[in-house]
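Worksheet: the structure to be examined is printed underneath.
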Amino acid sequence: MIPEIKKILYATDLSENARYAFGYAASLANRYGAGITFLHVLEDVSTYADSMVINIVGEEKWGELRKNNEQDVLETIKGRLEKFCEDVSDNLPACPFITDEIIVKTGNPVEEILNQAKRSDCDMVVMGARGLGPLADKLMGSISKRVLRRCKKPVLIVRLP
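The following block contains the structure:
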């Protein structure tokens, strides 16, 4: 049986590596006539950092600041992703792709990627690998590694050449 690829989840952290990985997502989408769902996840502030800020500004004020600023940040990133889609479409007219959805969330990146893959019933996940530190050439990023291990769908992890 040859699998049909109609929906691709492209998870991005907006890094150079993620931009490079997008080329593979666009190429696959073009080849199979698939749509691409873009997903960017902002990591939640750690509990420790949260409690330190609460001690300084107070819980009520911190909740208010966080709520107001979080929405602004999510809208800004969504705008950047929309611009990115337009730029890629303009620069690669020979490789058209369909943008199904652009999603920006706050939370644990691994959990949000896995949840979105399930929710959107995608056929595969495409993402970049960010190996950090002295073993960067030997290891892939911890988020991509955890998604690869836990995802029920095929995962394509792309490293910078």
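The opening position of the sequence shown corresponds to residue 46 in our numbering, with each subsequent residue numbered one higher.
Glycine residues also receive a C-beta, built at the ideal position from the N, C-alpha and C atoms.
Note that the coordinates shown come from a computational prediction; the quantities given were computed from them, not determined experimentally.
The beta carbons of L84 and I148 sit closer together than 7 Å. Sequence-distant partners of E61 (beyond 5 residues in either direction) whose C-beta falls short of 8 Å from its own C-beta, in its chain, are L205. For K198, the closest of G173, S189, L159 by C-alpha to C-alpha distance is L159.
Ranked by Cα distance from I188, the first of I50, E157, M169, C167 is E157.
For M172, the closest C-alpha among the options A70, P48, K52, I47 is that of A70. Around the Cβ of Q161, a 10 Å sphere holds 16 or more other Cβ atoms; the residue is buried. Here A79 carries a coil assignment [DSSP, helix/strand/coil].
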